[in-house]
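For the sequence shown, full-length UniProt numbering gives the first residue as 306, with consecutive numbering after it.
This report refers to the structure that appears directly beneath it.
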Amino acid sequence: VRRSKETGQAEAYETRALDRAREEFAMETALRRAIDAGQLQLHYQPICDLATGRVIAFEALARWVGEDGRDIPPSAFIPVAEESGLIVPLGRWAIDEALRTLAVWDRRFSSTVQMAVNISPIQLQRDCLAPIVASALATHGLAGERLKLELTESALIADPDGNAETLRALKATGATIAMDDFGTGYSNLAYLQKLPIDILKIDRSFVTGMMADRDKIAIVRAILSLATTLGMETVAEGIETHDVAQTLAALGCTYGQGYAYAAPLSADAAYELLVARNS
Ligand code: C2E
Ligand code: MG
Ligand code: MG
Ligand code: MG
306 VRRSKETGQA
316 EAYETRALDR
326 AREEFAMETA
336 LRRAIDAGQL
346 QLHYQPICDL
356 ATGRVIAFEA
366 LARWVGEDGR
376 DIPPSAFIPV
386 AEESGLIVPL
396 GRWAIDEALR
406 TLAVWDRRFS
416 STVQMAVNIS
426 PIQLQRDCLA
436 PIVASALATH
446 GLAGERLKLE
456 LTESALIADP
466 DGNAETLRAL
476 KATGATIAMD
486 DFGTGYSNLA
496 YLQKLPIDIL
506 KIDRSFVTGM
516 MADRDKIAIV
526 RAILSLATTL
536 GMETVAEGIE
546 THDVAQTLAA
556 LGCTYGQGYA
566 YAAPLSADAA
576 YELLVARNS
C-alpha cells in the first residue's frame, strides 16, 4: 500500500508526541521517587545590598541530581512538577527546608538575613499556603519577617481578587511578597495596585548585558521609577558584572543578585559567605 505524504507526516507527529508524553511520565515517576526519598536539595543564592555588598537575603533554588548523577535543571522539572501536581509536596518541602536551614544558621550566627522561597502558581491555587507557611515558621521558631515569597505575574493575574485574598493571608504571617521576573509577563499594570506586593524583582533579561543596550537601561529605569512611585523595593536579578551592579545602584536600585556576587551555593557555602560578608 502506498501511504500518502500527509499520513506519513501525521504518524511521525504522533510518534513524537508519544515519545514526549513517555519522557514526561518517566520524569514524573523519577521526580515522585526523588521527593519521597528526600533526594532534592536546595541551593542558596545571596541577594545583596548594592551599596554595601552586605547579604540581605538568600534565594532558595531547588536542585535535583538524577539517578545517573547528572543535574536536572529546574527549567526541566518544575514544569513537570506543576503539570503532575507534584509541585504541592515539592513546594511544601522547599518552604520547610529553607526555613529549617535559616534556623540552623541563626543558631550559629546571629543575623536578620531573610530567606526567599519561590512559589508556583499551582501551589497558590491548590494548596492552603498561609497555614502551611505559619506552621513552618512556628516549627523553626522564626519571625514571619524573615521569609520572602517569590511569585510570578502569571500566578496573580489569572484571579486577581482571589489571589489578593490569598496574598493578604500570607502577609498576615509576617512574610513579604516579591514579584519575580518582573517585566516579562503581563503588561497591564493595574493589578500592581490591587495586590499587596512589597518587592519587584527585575527580570534578568533586562539586566544581564544592559551596559551595551540602551533599551534595557530604559526599561530598568522605568521599572525603578514605578517601584518608587508604588513604594516597593527593587531587586535586580542576573547581575553578572560589577559594572552592571554599579550602574544599577546609581539608577536607584537597592538590591541585586547574580553571578557577580555568587552563584547559588550549597547550604554550607552559603553560610560561610553570610558570615564572611556580614560580620
Ligand atoms: P528564578 O526564581 O527567577 O531564579 C533565578 C534563576 O536565575 C536561577 O536559576 C539562578 O540560578 C539564575 N541566576 C542567578 N544569577 C544569575 C546570573 O547572574 N546569570 C544568569 N544567567 N542566571 C542567574 P535556576 O536555579 O535554574 O532556577 C530557574 C527557575 O526555576 C527559577 O527562576 C524559579 O522560577 C524556578 N525554581 C527554582 N526552584 C524552585 C522551587 O523550589 N519552587 C518553584 N516553584 N520554582 C523554582
Ligand atoms: Mg525567584
Ligand atoms: Mg526570578
Ligand atoms: Mg528570572
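Quick reminder that beta carbons are idealized off the backbone N, C-alpha and C, glycines included.
Endpoints, alpha helix (DSSP H) assigned at residue i
i: Pro-394; result: 392-413
i: Arg-327; result: 310-341
i: Gln-428; result: 426-431
i: Val-580; result: 572-583
i: Pro-379; result: 379-389
7 Å CB neighbourhood of residue i in its chain, flanking five on each side removed
i: Gly-490; result: Thr-457, Glu-458 and Ser-459
i: Gly-446; result: Ala-408
i: Pro-394; result: Ile-340
i: Arg-359; result: Cys-353, Arg-582 and Asn-583
i: Asp-503; result: Thr-481, Ile-482, Ala-483, Met-537 and Glu-538
i: Asp-548; result: Met-516
Nonlocal neighbours in the same chain, by C-beta distance under 8 Å from residue i, ignoring five residues either side
i: Ser-425; result: Ile-383, Ala-386, Glu-387, Ile-392, Gly-396 and Ala-460
i: Asp-376; result: Arg-368, Trp-369 and Val-370
i: Thr-320; result: none
i: Thr-478; result: Ala-435, Val-438, Ala-439, Leu-442, Gly-449 and Leu-452
i: Glu-329; result: Val-385 and Glu-388
i: Leu-505; result: Ala-483, Met-484, Phe-487, Ile-528, Leu-531, Ala-532, Met-537, Glu-538, Thr-539 and Val-540
Limits of the beta strand (DSSP E) - the one that residue i falls within
i: Tyr-349; result: 345-354
i: Glu-364; result: 360-370
i: Ala-421; result: 419-423
Other residues of its chain near residue i: CB distance less than 6 Å, five sequence neighbours each side excluded
i: Pro-465; result: Tyr-496 and Lys-499
i: Lys-476; result: Pro-501
i: Asp-401; result: Ala-441
i: Ala-562; result: The question names Ala, yet the displayed sequence has Gln at residue 562. Gln-350, Ile-352 and Glu-542, listed in sequence order.
i: Val-580; result: Phe-414
i: Lys-521; result: Phe-511 and Met-515
i: Tyr-564; result: Glu-545
- Item | Stretch pair the region 572-579 + the region 348-358: three plus CB contacts closer than 8 Å | yes
- Indicate whether the contact test is met: 3 or more Cβ pairs, each with one atom in the region 426-445 and one in the region 471-481, closer than 8 Å. yes
- Which runs of the alpha helix (DSSP H) spanning at least 4 residues fall entirely within the region 504-548, listed in chain order? 509-512 and 519-535
- Message: If you measure from each CB to the nearest heavy atom of ligand 2 and keep those under 7 Å, what residues do you get, in chain order?
- Response: Glu-364, Ala-421, Asn-423, Glu-455, Asp-485 and Lys-506
- Per the contact definition of three or more C-beta pairs closer than 8 Å, is the region 502-514 in contact with the region 533-548? yes
- Is the region 412-421 in contact with the region 359-369, if contact means three or more CB pairs nearer than 8 Å? yes
- Query: Which whole runs of the alpha helix (DSSP H) in the region 438-499 are 4 residues long or more, in chain order?
  - Reply: 458-462, 465-476 and 495-499
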